[in-house]
Amino acid sequence: MSYASTSSPESTPASHEPFFSPALTAEEGVAAATELFRETFGCDPDGVWHAPGRVNVIGEHTDYNGGLALPIALPHRAHMALRRREDRTIRLVSPQTRETIDVLDLDQIGPKGTPGEVRHWNAYVAGVAWALEQDGLGPVAGFDAALYSCVPLGGGLSSSAALEAATVVALDEVNDLGLAGTVEEPDDAGRARLVHSCVRAENEMAGAPTGGMDQSASLRCQEGHALELDCRTGEVAQVPLDLASAGLALLVIDTKAKHSLVDGQYGARRAACEKAASLLGVDLLVEVSPTDLPQALARLEASGEDGPELVKRVRHVVTEIQRTRDLVALLSDGRELSGDKLAQAGALLDASHESLRYDYECTCPELDVAVDAARAAGAHGARMTGGGFGGSAIALVDADAVEQVARAVVAAYEREGFGAPAFLDALPSAPAGRLV
Ligand code: GLA
4 MSYASTSSPE STPASHEPFF SPALTAEEGV AAATELFRET FGCDPDGVWH APGRVNVIGE
64 HTDYNGGLAL PIALPHRAHM ALRRREDRTI RLVSPQTRET IDVLDLDQIG PKGTPGEVRH
124 WNAYVAGVAW ALEQDGLGPV AGFDAALYSC VPLGGGLSSS AALEAATVVA LDEVNDLGLA
184 GTVEEPDDAG RARLVHSCVR AENEMAGAPT GGMDQSASLR CQEGHALELD CRTGEVAQVP
244 LDLASAGLAL LVIDTKAKHS LVDGQYGARR AACEKAASLL GVDLLVEVSP TDLPQALARL
304 EASGEDGPEL VKRVRHVVTE IQRTRDLVAL LSDGRELSGD KLAQAGALLD ASHESLRYDY
364 ECTCPELDVA VDAARAAGAH GARMTGGGFG GSAIALVDAD AVEQVARAVV AAYEREGFGA
424 PAFLDALPSA PAGRLV
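When we follow the working numbering, the leftmost residue of the sequence shown carries the number 4, and every step to the right adds one.
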């Protein structure tokens, strides 16, 4: 994938000061995408749409098990200037590909592994058009699009879901599908259907077997809220998350350690969960309650060679769903996030990380060092976020301690000989929609 990111390793200044990846303002995003569009296609776009990356507060590797997740939308977004065409051609450009416009035919493209396979980031964009039609929501006309994103690439912050969501709200509008509504008045049921097409693009066209949390976050989150997502029913609830008024901040640490969802590790975890569910006679692991857990683990332990591995994976999933339920209940109790309540929230984040580290085994040294350093520097709680095996961590910190915690992480990385991390301020932001 090769579209613009303001925080690509190349653009990160080499210094011992923490580097904060900036989010483009709406004006900057519109200007950058529109300029690239005009320069490439020689006319004006029909509009500019944007969609956020996400961080997940808690509820990791639960989505494809039908459990709960609690993501927020980031201020960092993919911006897309797009113009509808009257034929079935798709032309795409990003800052890194401006020399060679990619041209695709909507009637020729198809899933990964077929002759119509679409490569690189184009799969996320063209794949959405393809999936809308496969899902019976189309027909969709061809289009020209210019992309400009400030969601860090490969940082576990859903840069690909942001791309899919920006595409789907743009295509919804220029094809009069009438599903997304507006940012101010979103049509949540319609957006849930668009999520399905985005997930299909990611699973079938890009070949990443992800679970849907990222696309739901980008399309269904609300500003100032975390999204309680029930991944079995698709139901959502908006959980108020006004960290600033509680004097807190959610610091994202982008480890810059390589993270990819199309290599084998993510798929292997998902396959292990599916195998365990089948051995336990359930469709999804969410059906195993915390009370049933000891018995379920005993059965898995005795199930064969990979029994001990399945025990760890299932223990993570079942306890993580309960931690998510507990954090949602805590955040929804109407009291300020301070004192005991803050300590309990932090402890849930910490426990989530430990479970991902030792039971799900999807952290890496960069993630563990970031989390340990943040905690030691005063974070109330910290954990990896997203798929893991690299990517990002989050730390719940006092707003006036952000710099201090970031410095401590930079220092720990220097001691370990890791490359410099980057940081983001995760302010719960608005979902995908039209800008102009
Ligand atoms: C990635 C996937 C999501 C989810 C998370 C782990 O971000 O895209 O679907 O499975 O990992 O919670």
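Glycine included, every Cβ here is placed at the ideal spot set by N, Cα and C.
Item, Value
"Distance cut-off 6 Å: T388 Cβ against heavy atoms of the ligand GLA", "no"
"Contact check, A398 vs V408, beta carbons under 7 Å", "yes"
"Rounded straight-line distance, which links the Cα of E120 to that of D105", "14 Å"
"Endpoints, the alpha helix (DSSP H) within which G267 is located", "267-283"
"DSSP state of V255 mapped onto helix, strand, coil", "strand"
"The segment 120-139 in contact with the segment 197-212 per 3-pair CB rule at 8 Å", "yes"
"Spatial distance of V321 from S292 (CA atoms)", "7 Å"
"DSSP three-state assignment for W3, whether helix, strand or coil", "Lying before the first or after the last residue shown, residue 3 is absent from the chain, which here runs from 4 to 439."
"Neighbourhood of A84 by C-beta distance below 6 Å, restricted to the same chain and skipping five residues each side", "A36, T37, F40, P48, V51, A149"
"Close beta carbons around A275, own chain, < 8 Å, minus the five adjacent residues each side", "D309, E312, L313, R316"
"C-beta contact flag for R326 and L351 at 7 Å", "yes"
"Three-state secondary structure (DSSP) of H19", "coil"
"Touch test, the segment 87-107 against the segment 161-170, Cβ-Cβ under 8 Å, three pairs minimum", "no"
"Assigned exposure category for Q225 - 16 Cβ within 10 Å defines buried", "buried"
"beta-carbon G63 near the ligand GLA non-hydrogen atom, thresh 6 Å", "Here residue 63 is Glu; the residue named in the question, Gly, does not match the sequence. Yes, Cβ of E63 sits closer than 6 Å to a heavy atom of the ligand GLA."
"Cα-Cα separation, G32 to L140", "28 Å"
"Cut-off 8 Å between Cβ atoms - residues of its own chain near D138, not counting five sequence neighbours on either side", "R196, H199, S200, R203"
"Neighbourhood of T9 by C-beta, 7 Å cutoff - its chain only, sequence neighbours within 5 removed", "Below a pLDDT of 50, predicted positions are generally treated as unreliable, and T9, at 38, falls in that range; the measurement from the model is reported next regardless. For T9, where only same-chain residues beyond five positions count, the Cβ hits under 7 Å are S24, P25, C153."
"Rounded separation between D362 and Y151 - CA only", "38 Å"
"Local Cβ density within 10 Å of S335, reported as buried at 16 or more and exposed below that", "exposed"
"C-alpha distance - G70 paired with E304, whole-angstrom precision", "22 Å"
"Three-pair Cβ contact test at 8 Å for the segment 275-286 versus the segment 248-259", "no"
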